[in-house]
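Peer 1:
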Amino acid sequence: MLRFNADIASQLQRLVQNCNELVGVYAAELSLNPADVEMVLNRWEEHRIHQPREHVESFLYFEGKYGRLCLRLNHWEGRGCQSSECTYHHNCMFCGREGHGASGVESDESWSCPRQRAFQQQQMELQTSYGLDVPTLQNYIKVAMQDNFLRWSPEHRIVELNRSHRWYTGTNPSKAVRVVASKPKPPAARPQQAKTTGPTKVELKAATILFNAVNMGFEEYIGVHCARLSLPETVLKQQQADWQRAGIQQPEVNVEPFRRISAIEHPKPICMRLNHQRGLGCAQTPCQFAHVCLFCGQRNHGAFTKNDLVFECERQRRFRNQAEQVQMRSAAFDADLMKAIEYGVRFKIIVWDSTTMKAVFRKRHGTYDIVRQGAATPDQSPALQPVSSPVPMAASPATNPQVPSPISLLGEIAAADDVTASSKKKKKKK
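Heads up, the final residue of the sequence shown is numbered 984 in the numbering used here, and it's a clean run with no missing numbers.
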């Protein structure tokens with residue numbers, strides 16, 4: 555469980571100073587009663603508004619201030635209200651100003667709402683300047699609000715920091731005071747665990763399978779699933795629920811590229827007609843949405859559009875071909891490779907690099923040098939790509955006794971994990 559500390563306090567102070575709109579939006583969302591949020595989302599679903607959860611707090615505030623807001627003006631398509639007899643208030647549900655909606659777009663493809671522009675810009679800076687993703691930021695804000703370090707002020711529409719908090723550092727967050735005024739209570743003594751001097755058996759097996767799968771040419775298959783597993787389960791379920799409310803069917807592997815391309819590369823909403831699973835494209839002209847593939851980020855084709863029964867998206871073609879090759883080998887190979895990817899992400903043997911759109915082996919991990927057997931030169935990229943001296947499939951144990959034979963790995967990873975889980979349960983019972 556994440557606990558509030560001086561590092562989180564220092565990061566939040568910098569974010570409040572430089573990305574106050576971003577922190578304010580998520581703090582406002584967390585200040586609401588979950589029942590109120592679900593009530594508003596259900597109302598939007600009935601009217602097919604499909605606005606994100608981040609807009610709920612501002613919607614409730616401005617509707618309480620001005621009266622019933624026009625939902626046509628604030629529709630996610632951004633077309634505005636075309637009715638001349640509309641009796642509802644034409645205020646933006648996100649900033650409260652008149653004359654534009656929360657999703658309106660100008661002729662230069664910029665957001666009409668100034669708060670939306672600032673929010674989207676600061677969301678892009680969150681990853682590039684601070685190395686954080688949205689779920690991590692939300693967790694930081696949640697524990698900070700629980701520790702009474704910051705709070706959302708609905709009257710002033712700003713985030714307020716608690717200046718009397720023991721970790722508040724004034725205007726210079728870089729000089730964070732880590733020593734509190736009163737000595738904290740010592741943590742409860744925990745049983746010491748035996749320190750391991752090297753990678754565990756399960757880590758070594760997972761790394762061996764991943765390296766050999768790369769040499770077989772399954773880089774895209776591993777990368778796509780690594781990106782999917784890099785997201786929290788709550789984010790995957792929330793995005794699928796948002797798509798389902800909008801009547802959109804997309805596979806789970808499309809969540810990560812959709813979120814990345816929507817939030818970072820294209821402030822304009824992505825055209826989901828172009829990216830429909832039927833692959834028919836978008837026939838509406840002109841279309842006010844971004845005609846960009848949600849799987850690879852390139853323009854003028856969708857994730858499922860085809861030309862002569864062939865996917866136009868090059869990344870989609872590579873992923874589908876490699877998935878078919880994995881399934882053609884055997885069901886055991888498919889299951890074991892997927893299990894190896896899951897453990898690779900869990901043990902941080904591989905990590906997803908969203909800038910290069912590749913899964914990357916961590917050089918500092920204990921399995922890296924063992925499995926590579928010194929085949930990689932110091933300046934060689936650790937990206938998932940065939941190495942100059944591939945790991946021999948059958949000769950691995952002879953070359954290095956620490957590397958188990960890949961043939962003997964099929965089905966053993968799950969069994970080893972079950973043994974580990976059962977041993978932990980026995981220790982807890984004792």
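The beta carbon of each residue, even a glycine, is placed where N, CA and C say it ideally should be.
1. Using the C-alpha atoms, what's the distance from histidine 609 back to methionine 647?
2. Candidates Tyr642, Glu663, Glu639, Cys635: which alpha carbon is nearest histidine 654's?
3. Between the Cα of glutamate 774 and those of Ser657, Arg874, Gln798, Leu566, spot the shortest distance and give me the residue it belongs to.
4. Rounded to whole angstroms, what's the CA-CA distance from asparagine 559 to tyrosine 722? Just pull it up for me.
5. Spell out whether any CB of chain C is found under 7 angstroms from the CB atom of asparagine 702.
6. Using the Cβ count rule (16 or more neighbours within 10 Å means buried), how would you classify threonine 839?
7. Excluding the 5 residues preceding and the 5 following asparagine 829 in the sequence, name in chain order all residues of the same chain whose CB lies nearer than 6 angstroms to its CB.
8. Short of 7 angstroms in beta carbon distance, which residues of its chain neighbour cysteine 825, apart from the five on each side in sequence? Order them along the chain.
9. Anyone know if the C-beta pair for phenylalanine 901 and glutamate 810 falls short of 7 angstroms?
10. Roughly how far, in whole angstroms, is the beta-carbon of asparagine 693 from the beta-carbon of histidine 719, given that I think they are within contact range, below 8 angstroms?
11. Do valine 713 and valine 591 have their beta-carbon atoms positioned less than 7 angstroms apart in this structure?
12. Go ahead and label leucine 783 buried or exposed: buried means 16 or more other beta carbons lie within 10 angstroms of its beta carbon, across all protein chains shown.
13. Tell me whether alanine 582 sits in a helix, a strand or coil according to DSSP, three-state version.
14. Can you check whether the CB of alanine 894 is closer than 7 angstroms to the CB of isoleucine 763?
15. Asparagine 572 to lysine 791, Cα distance in whole Å?
16. For asparagine 702, does the three-state DSSP call read helix, strand or coil?
17. CA-CA distance, histidine 644 and cysteine 850?
18. Could you check which residue in Leu715, Arg597, Ala581, Ser816 has the C-alpha nearest to that of glutamine 793?
19. Going by C-alpha to C-alpha distance, which of Arg671, Glu639, Val697 sits closest to alanine 581?
20. Under 7 angstroms, do glutamate 611 and leucine 586 count as touching if we go by C-beta distance?
21. In whole angstroms, what is the alpha-carbon distance linking lysine 737 and leucine 704?
22. Which same chain residues end up closer than 6 angstroms to isoleucine 562 when comparing Cβ atoms and leaving out the 5 residues on each side of it in sequence?
23. Quick check on the DSSP output: the beta strand (DSSP E) that includes aspartate 796 runs from which residue to which?
24. Using the Cβ count rule (16 or more neighbours within 10 Å means buried), how would you classify asparagine 861?
25. Considering only their Cβ atoms, is the gap separating leucine 614 from glutamine 677 smaller than 7 angstroms?
26. What's the C-alpha gap between arginine 717 and arginine 568?
27. Please report the straight-line C-alpha distance between serine 707 and glycine 578, rounded to a whole angstrom.
28. Cutting at 7 angstroms between CB atoms, please list the residues of its own chain near aspartate 985, excluding the five before and the five after it.
29. Among Trp630, Gly632, Arg626, which has the Cα closest to the Cα of serine 638?
30. If you reduce the DSSP assignment to three classes, tell me which class asparagine 861 lands in.
31. Quick one: what's got a C-beta closer than 7 angstroms to glutamate 652's C-beta in the same chain, skipping five residues either side?
Peer 2: According to the data block:
1. Within the sequence shown, residue 647 is the residue found at index 93, counting from 1. Within the sequence shown, residue 609 is the residue found at index 55, counting from 1. Take the alpha-carbon of methionine 647 and the one of histidine 609: they are about 7 angstroms apart.
2. Counting from 1 along the sequence shown, the entry for residue 654 is found at position 100. That would be Cys635, whose Cα lies nearest to the Cα of histidine 654.
3. On the sequence shown, position 220 is the one that residue 774 refers to. Nearest C-alpha to glutamate 774: Arg874.
4. By one-based count along the sequence shown, residue 559 stands at place 5. By one-based count along the sequence shown, residue 722 stands at place 168. When rounded, the separation of the alpha-carbon atoms in asparagine 559 and tyrosine 722 is 11 angstroms.
5. Of the protein chains in this structure there is only one, and it is not chain C.
6. Position 285 of the sequence shown, counting from 1, holds the residue named residue 839. Exposed, since its Cβ has fewer than 16 Cβ neighbours within 10 Å.
7. Here residue 829 refers to the residue found at position 275 of the sequence shown. Taken in chain order, the residues that qualify are Leu848, Gly856, Ala857.
8. By 1-based counting over the sequence shown, the position of residue 825 is 271. Exclusion of the five residues before and after cysteine 825 leaves Cys836, Cys841, Phe843, Ala844, His845 as the residues of its chain whose Cβ lies within less than 7 angstroms of its Cβ.
9. Translated into the one-based positions of the sequence shown, residue 901 becomes position 347. Translated into the one-based positions of the sequence shown, residue 810 becomes position 256. Against a cut-off of 7 angstroms, the Cβ pair of glutamate 810 and phenylalanine 901 comes out as no contact.
10. As a first step, residue 693 is located in the sequence shown; it is residue number 139 there, counting from the start. As a first step, residue 719 is located in the sequence shown; it is residue number 165 there, counting from the start. That belief does not hold up - the Cβ atoms of asparagine 693 and histidine 719 are roughly 18 angstroms apart, past 8 angstroms.
11. For the purposes of this step, residue 591 is identified with residue 37 of the sequence shown, where counting begins at 1. For the purposes of this step, residue 713 is identified with residue 159 of the sequence shown, where counting begins at 1. Between valine 591 and valine 713, the C-beta spacing is not below 7 angstroms.
12. Along the sequence shown, one-based indexing puts residue 783 at 229. Here leucine 783 is buried: its Cβ has 16 or more other Cβ atoms, across all protein chains shown, within 10 Å.
13. As a first step, residue 582 must be located in the sequence shown, where it is residue number 28. For alanine 582, the secondary structure class from DSSP, reduced to helix, strand or coil, is helix.
14. On the sequence shown, residue 763 is found 209 positions in, with the first residue counted as 1. On the sequence shown, residue 894 is found 340 positions in, with the first residue counted as 1. Yes, Cβ-Cβ distance for isoleucine 763 and alanine 894 is below 7 angstroms.
15. Against the sequence shown, residue 572 aligns to sequence position 18. Against the sequence shown, residue 791 aligns to sequence position 237. Across the structure, asparagine 572 and lysine 791 are spaced so that their CA atoms are roughly 30 angstroms apart.
16. Position 148 of the sequence shown holds residue 702. If DSSP states are grouped into helix, strand and coil, asparagine 702 belongs with coil.
17. One-based indexing of the sequence shown puts residue 644 at position 90. One-based indexing of the sequence shown puts residue 850 at position 296. Between histidine 644 and cysteine 850, the alpha-carbon positions lie close to 37 angstroms from each other.
18. As a working mapping, residue 793 is identified with position 239 in the sequence shown. For the residues Leu715, Arg597, Ala581, Ser816, the minimum Cα distance to glutamine 793 belongs to Ser816.
19. Position 27 of the sequence shown, counting from 1, holds the residue named residue 581. The residue with the shortest Cα to Cα distance from alanine 581 is Val697.
20. Counting from one through the sequence shown, the residue named residue 611 turns up at place 57. Counting from one through the sequence shown, the residue named residue 586 turns up at place 32. Cβ distance < 7 angstroms, so glutamate 611 and leucine 586 count as in contact.
21. Position 183 of the sequence shown, counted from the start, is the residue given in the question as residue 737. Position 150 of the sequence shown, counted from the start, is the residue given in the question as residue 704. Confidence at lysine 737 is low in this model, with a pLDDT of 42, below 50, so its placement is unreliable and no value can be given for it.
22. As a working mapping, residue 562 is identified with position 8 in the sequence shown. Leaving aside the five residues that flank isoleucine 562 on each side, the residues in its chain whose CB is nearer than 6 angstroms to its CB run, in chain order, Tyr694.
23. To locate residue 796, count along the sequence shown from 1; it is residue 242. Aspartate 796 -> not in any beta strand (DSSP E); alpha helix (DSSP H) instead, spanning 787–799.
24. On the sequence shown, position 307 is the one that residue 861 refers to. Exposed.
25. As a working note, residue 677 is residue 123 in the sequence shown. As a working note, residue 614 is residue 60 in the sequence shown. Not in contact: glutamine 677 and leucine 614 (Cβ atoms no closer than 7 angstroms).
26. Sequence index remark: in the sequence shown, residue 717 carries index 163 (1-based). Sequence index remark: in the sequence shown, residue 568 carries index 14 (1-based). For arginine 717 and arginine 568, the distance between alpha carbons rounds to 14 angstroms.
27. Against the sequence shown, residue 707 aligns to sequence position 153. Against the sequence shown, residue 578 aligns to sequence position 24. As the crow flies, the alpha-carbon of serine 707 is around 9 angstroms from that of glycine 578.
28. The requested residue 985 does not occur in the structure, where the chain is confined to residues 555 to 984.
29. Working through the sequence shown from its first residue, we reach residue 638 at position 84. Closest by C-alpha distance to serine 638, out of Trp630, Gly632, Arg626, is Arg626.
30. For the purposes of this step, residue 861 is identified with residue 307 of the sequence shown, where counting begins at 1. Per DSSP, reduced to three states, the secondary structure at asparagine 861 is strand.
31. On the sequence shown, residue 652 is found 98 positions in, with the first residue counted as 1. Hits under 7 angstroms: His644, Asn645.
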